[in-house]
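Colleague: Protein chains in written order, with the numbering used here: chain Y, 332 to 625; chain D, 38 to 309. Here a beta-carbon is modelled for each residue, glycine too, at the ideal position from N, C-alpha and C. Structure incoming, see below.
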């Protein structure tokens, strides 16, 4: 009897403690998601809309700007995420060596970019990559190139700047996750491997990497979601240009809703493309990770 | 032979790390140098300190009501952080401490929403705020952010390490559940809270897309919005922009360095 009363009190407290969260998420997360799904089947401009069936989905396949935004987002994803994760792993492996000198300095320096706001660092990059700016000066001084590059005026180089910028901002962030995970690996495993004469690269490949797999998966999923939502950087460095070469899906949704004559239904359809991409890519990444285990 | 090899490798490691540290720090140096130079000098890539610092500061304060803007950002960041931590840590604690099958299912649904990008709910959220006549208010900024699934998840993971005997002992002493949370759990989990403060404060302070949509008049704009709009004019005055950028970056750097040690503790503690 007494036990069931305690159980009931526990139940009541359990719900009471999460009630504010459930109300807020219900109103500002679940409801918008459902509404967005409904809206994606509506056509029309401004607040006048009517049911359009698959009109928006057909429009997607014929919209060159959408296809370009999709391609750009894909390029950023495929090129940037692997570069960043490999760099973060290398830095973490180097910093995990207790005999390394200036460890604290290196760790803080590489993590420092993470404390800047996305808007602030975007503007720093925009000013550094100006056509007669400091990056051109330094690169010519170091004989890395002969003539200045019009970084933000050329589609290829504009994409490169965006990729460099994101890598600068997030490598240290991922590194901290790897470093924390590496410090949780039992030191005696490395000791045993060293006594058995396993070389350093093999210890990294066959001990560190497998042990870090869950963290690598976690950061890959997080980075994928982040890249699919890319907005602040492109809006502040290139505003999607030149000629839409750095336009991303999020920026396109923003333009559709708040820049042009609002077409909310179509914007919702584009946003569901991101939802589906996130779902499919996360699922694939989990699948790949599971496969490797077997 | 292998010693030469090891030395070469360690030299390579130091060279790589030094290059990474240089690349990481250079934009900060660039920002500080920029505050002292005129806009044409910045665009030409001048990397020595100039004498325009005073002019840049006066120009910024002449163009923008900086006191108001700084207050807006500070208010939103602090109130947002306090509310988020209160609501979300309470939920994370409850999901772990009061296990039940139904709540476990609710938690699984919450985790799914983590993969919903903000762009997907931005349009309906905006229409909703417009109907509630909350456009251009701080309420509209705060409401969607204070129940954070990421922070709930983080607190649930951290609560796994919270010793249950503490709760049992407190119960025997006659403490109610909310008292246990407030007087026992909160002080014990200091490091977890510190790490969460860094994450949430930075996210709120740096928030861009949602305020860009919602806050429409100048007296309500945040520092992040002002920096962005100063830099997006056709011929931005980069000297002024750099001063504003320093002001926008300083608070997060200060919060980070104040709580850094606890941040690493909180992060590694939650991974275990």
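Any C-beta of chain Y within less than 7 Å: which residues of the region 271 to 298 of chain D qualify?
Modeller: 275, 278, 282, 285, 286, 289, 290 and 293
Colleague: Of all the residues that make up the region 75 to 101 of chain D, which are near chain Y by a beta-carbon distance shorter than 9 Å?
Modeller: 79, 80, 81, 82, 83 and 84
Colleague: When you compare the CB of residue 360 of chain Y with every CB in chain D, is at least one pair closer than 9 Å?
Modeller: What you label residue 360 of chain Y is simply residue 29 of the first chain in a count that begins at 1. At least one chain D Cβ lies under 9 Å of residue 360 of chain Y.
Colleague: Could I get the ranges of all uninterrupted alpha helix (DSSP H) runs contained in the region 427 to 503 of chain Y, with 4 residues as the minimum, in chain order?
Modeller: 434 to 442, 449 to 459 and 465 to 472
Colleague: Starting from the C-beta of residue 75 of chain D, find all residues in its chain whose C-beta is less than 6 Å away, skip the five residues before and the five after it, and write them out in chain order.
Modeller: Translated into positions along the second chain, residue 75 of chain D becomes position 38. The answer, listed in chain order, is 89 and 276.
Colleague: Checking 9 Å against the spacing of the C-beta atoms, do residue 54 of chain D and residue 242 of chain D come in under that value?
Modeller: Locating residue 54 of chain D in the second chain gives position 17, counting from the first residue. Locating residue 242 of chain D in the second chain gives position 205, counting from the first residue. No, Cβ-Cβ distance for residue 54 of chain D and residue 242 of chain D is not below 9 Å.
Colleague: Could you check what DSSP says for residue 373 of chain Y in three-state terms: helix, strand or coil?
Modeller: Position 42 of the first chain, counted from the start, is the residue given in the question as residue 373 of chain Y. It is a strand residue.
Colleague: Give me the chain Y residues within the contact set of residue 152 of chain D, using Cβ-Cβ distance strictly less than 9 Å, ordered along the chain.
Modeller: Along the second chain, one-based indexing puts residue 152 of chain D at 115. Result: 552, 556, 606, 609, 610 and 613.
Colleague: How many whole angstroms separate the CB atoms of residue 327 of chain Y and residue 411 of chain Y, which I take to be in contact at a CB cut-off of 8 Å?
Modeller: Lying before the first or after the last residue shown, residue 327 of chain Y is absent from chain Y, which here runs from 332 to 625.
Colleague: Using a beta-carbon distance below 9 Å, is residue 585 of chain Y in contact with chain D?
Modeller: Counting from one through the first chain, the residue named residue 585 of chain Y turns up at place 254. Output row for residue 585 of chain Y: interface = yes.
Colleague: Would you say residue 528 of chain Y reaches chain D, if we count a Cβ-Cβ gap shorter than 9 Å as a contact?
Modeller: What you label residue 528 of chain Y is simply residue 197 of the first chain in a count that begins at 1. Between residue 528 of chain Y and chain D, the shortest Cβ-Cβ separation is not below 9 Å.
Colleague: Report the three-state DSSP secondary structure of residue 59 of chain D (helix, strand or coil).
Modeller: Locating residue 59 of chain D in the second chain gives position 22, counting from the first residue. Note: residue 59 of chain D maps to helix in three-state DSSP.
Colleague: Answer with yes or no whether the minimum CB distance from residue 560 of chain Y to chain D is below 9 Å.
Modeller: Start at 1 with the first residue of the first chain, and residue 560 of chain Y comes out as number 229. Closer than 9 Å: yes.
Colleague: Check whether chain D comes within 9 Å of residue 457 of chain Y, counting only Cβ atoms and requiring the distance to be less than that.
Modeller: Position 126 of the first chain, counted from the first residue, corresponds to residue 457 of chain Y. Answer yes: the Cβ-Cβ gap between residue 457 of chain Y and chain D drops below 9 Å somewhere.
Colleague: I'd like to know whether the C-beta atoms of residue 349 of chain Y and residue 267 of chain D end up nearer to each other than 9 Å.
Modeller: Within the first chain, numbered from 1, the residue matching residue 349 of chain Y stands at position 18. Within the second chain, numbered from 1, the residue matching residue 267 of chain D stands at position 230. The answer is no: Cβ separation not under 9 Å.
Colleague: Quick check on residue 341 of chain Y - is its C-beta less than 9 Å from some C-beta in chain D?
Modeller: As a working note, residue 341 of chain Y is residue 10 in the first chain. Yes, because at least one Cβ of chain D sits closer than 9 Å to the Cβ of residue 341 of chain Y.
Colleague: How should residue 41 of chain D be labelled, buried or exposed, when 16 other C-beta atoms within 10 angstroms of its C-beta is the threshold for buried?
Modeller: Position 4 of the second chain holds residue 41 of chain D. The residue is exposed, with fewer than 16 neighbouring Cβ atoms inside 10 Å.
Colleague: Run through chain Y and tell me which residues come within less than 8 Å of residue 223 of chain D, C-beta to C-beta.
Modeller: Within the second chain, residue 223 of chain D is the residue found at index 186, counting from 1. One finds nothing in chain Y with a Cβ atom closer than 8 Å to the Cβ of residue 223 of chain D; even the nearest lies about 13 Å away.
Colleague: With 9 Å set as the bound, which would you pick, yes or no: does the beta-carbon of residue 118 of chain D sit closer than that to a beta-carbon of chain Y?
Modeller: Residue numbering aside, residue 118 of chain D sits at position 81 when the second chain is read from its first letter. Taking Cβ atoms only, chain Y never reaches closer than 9 Å to residue 118 of chain D, which makes this a no.
Colleague: Going by the beta-carbon positions, is the gap between residue 524 of chain Y and residue 534 of chain Y smaller than 9 Å?
Modeller: Here residue 524 of chain Y refers to the residue found at position 193 of the first chain. Here residue 534 of chain Y refers to the residue found at position 203 of the first chain. In contact: residue 524 of chain Y and residue 534 of chain Y (Cβ atoms closer than 9 Å).
Colleague: Can you give me the C-alpha to C-alpha distance between residue 67 of chain D and residue 59 of chain D, rounded to a whole angstrom?
Modeller: The residue you call residue 67 of chain D lines up with position 30 of the second chain. The residue you call residue 59 of chain D lines up with position 22 of the second chain. Computed Cα separation, rounded: 12 Å.
Colleague: Closer than 9 Å by beta-carbon distance: list the chain D residues that pair up with residue 524 of chain Y, in chain order.
Modeller: As a working mapping, residue 524 of chain Y is identified with position 193 in the first chain. Within chain D, no residue comes near residue 524 of chain Y; the closest Cβ sits about 17 Å away, beyond 9 Å.
Colleague: Select from the region 228 to 240 of chain D all residues with a C-beta closer than 8 Å to any C-beta belonging to chain Y, and list them in chain order.
Modeller: 239
Colleague: Specify whether the region 367 to 374 of chain Y and the region 589 to 604 of chain Y touch according to this definition: at least 3 beta carbon pairs, one from each stretch, less than 8 Å apart.
Modeller: yes
Colleague: Who are the neighbours of residue 261 of chain D on chain Y, taking C-beta pairs under 8 Å?
Modeller: Locating residue 261 of chain D in the second chain gives position 224, where the first residue counts as 1. Simply 448, 450 and 451.
Colleague: Excluding the five sequence neighbours on either side, which residues of its own chain have a C-beta within less than 7 Å of the C-beta of residue 83 of chain D, listed in chain order?
Modeller: Translated into the one-based positions of the second chain, residue 83 of chain D becomes position 46. Closer than 7 Å at Cβ, skipping near neighbours: 74.
Colleague: Do you know how far the Cα of residue 457 of chain Y is from the Cα of residue 133 of chain D?
Modeller: Along the second chain, one-based indexing puts residue 133 of chain D at 96. Along the first chain, one-based indexing puts residue 457 of chain Y at 126. Roughly 46 Å between the two C-alpha positions.
Colleague: Pull the bridge partners of residue 382 of chain Y from the DSSP assignment, please.
Modeller: Within the first chain, the letter at position 51 stands for residue 382 of chain Y. According to DSSP, residue 382 of chain Y shares a beta bridge with Y:373.
Colleague: What's the call for residue 64 of chain D, buried or exposed, on a 16-neighbour Cβ count within 10 Å?
Modeller: Working through the second chain from its first residue, we reach residue 64 of chain D at position 27. Buried, because 16 or more other Cβ atoms sit within 10 Å of the Cβ of residue 64 of chain D.
Colleague: Span of the alpha helix (DSSP H) holding residue 211 of chain D?
Modeller: Here residue 211 of chain D corresponds to residue number 174 of the second chain, with the count starting at 1. Element bounds for residue 211 of chain D: n/a, residue is neither H nor E.
Colleague: Which chain D residues sit within Cβ distance under 8 Å of residue 519 of chain Y?
Modeller: The residue you call residue 519 of chain Y lines up with position 188 of the first chain. Simply none; closest approach about 17 Å.
Colleague: Between which two residues does the alpha helix (DSSP H) carrying residue 97 of chain D extend?
Modeller: For the purposes of this step, residue 97 of chain D is taken as residue 60 along the second chain, with counting starting at 1. Note, residue 97 of chain D: alpha helix (DSSP H), 90 to 100.
Colleague: Quick one: is residue 428 of chain Y near chain D, going by C-beta distance under 9 Å?
Modeller: As a working note, residue 428 of chain Y is residue 97 in the first chain. Chain D contact via Cβ: present.
Colleague: Rounded to whole angstroms, what is the Cα-Cα separation between residue 150 of chain D and residue 340 of chain Y?
Modeller: As a first step, residue 150 of chain D must be located in the second chain, where it is residue number 113. As a first step, residue 340 of chain Y must be located in the first chain, where it is residue number 9. Their backbone Cα atoms lie some 29 Å apart in a straight line.
Colleague: Do residue 129 of chain D and residue 193 of chain D come within 9 Å of each other at the CB atom, strictly closer than that value?
Modeller: To locate residue 193 of chain D, count along the second chain from 1; it is residue 156. To locate residue 129 of chain D, count along the second chain from 1; it is residue 92. For residue 193 of chain D and residue 129 of chain D, yes; Cβs fall inside 9 Å.
Colleague: Tell me the DSSP secondary structure of residue 172 of chain D in three-state form.
Modeller: On the second chain, residue 172 of chain D is found 135 positions in, with the first residue counted as 1. Coil, per DSSP.
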